[in-house]
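S.K.: Residue numbers for the sequence shown follow the working numbering, beginning at 2 and rising by one. Glycine included, every Cβ here is placed at the ideal spot set by N, Cα and C. Following this message is one structure expressed as structure tokens.
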Amino acid sequence: MIKDKKGQISLEYMLIFAISLILLIAFTLPLSHIAIERTSDVSNTLNVKSELSKLSSAISQVYSEGQGSKQTVYLDVNEVAYVRIANSYLSASLKLSDGQSKVITLNHNSNLNSGGLNLDKGENKIIVEWPMGEEKMIIYKKY
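This is the structure:
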């Protein structure tokens with residue numbers, strides 16, 4: 002009687018395939034996690050830069066229109082951010098997934114006093130105004 006060894010070959014093939022699959026998952030899963038984190042960082046950075054650009058445009062618009070002008074801007078951010086305001090630029094610091102921080106800076110024309118603005122996660126209503134009879138523009142968050 003001849004013994005058939007095809008069953009043993011199939012078992013060895015399945016064992017080698019399972020080990021190969023485990024090794025593949027062990028190496029690719031951490032790499033995909035890193036790639037997702039980096040993509041999320043880029044997305045958040047672009048979102049904050051876009052929203053700062055809207056605010057910068059509104060500030061420049063009010064400054065160019067002069068006293069008595071006012072503009073409302075709605076900013077939608079993905080996470081809490083603090084915006085530093087100076088008379089020539091806006092900047093915000095963003096914390097990245099690897100613990101580092103990235104500073105985003107945009108220039109504009111204005112006569113604003115230096116200060117800051119806290120942006121909550123979600124939609125924020127920001128008022129940029131240059132009241133009549135005042136020398137300086139003001140910017141504030143409306144709740």
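Tell me which same chain residues have a C-beta within less than 6 Å of the C-beta of G116, skipping the five on either side of it?
M.R.: I86
S.K.: List the whole-angstrom C-beta distance separating K103 from L91, where the pair is believed to meet the contact cut-off of C-beta under 8 Å.
M.R.: Wrong, their Cβ atoms sit about 15 Å apart, outside the cutoff.
S.K.: Any idea which residues DSSP pairs N125 with across the strands?
M.R.: Bridge partners of N125: L76.
S.K.: Quick check on T50: does DSSP put it in helix, strand or coil?
M.R.: The displayed chain sequence assigns Lys, not Thr, to residue 50. It is helical.
S.K.: Looking at V49: is its Cβ nearer than 7 Å to the Cβ of A19?
M.R.: no
S.K.: Determine the burial state of N45: buried for a count of at least 16 other Cβ atoms within 10 Å of its Cβ, exposed for fewer.
M.R.: buried
S.K.: In three-state DSSP terms, what is Y64?
M.R.: helix
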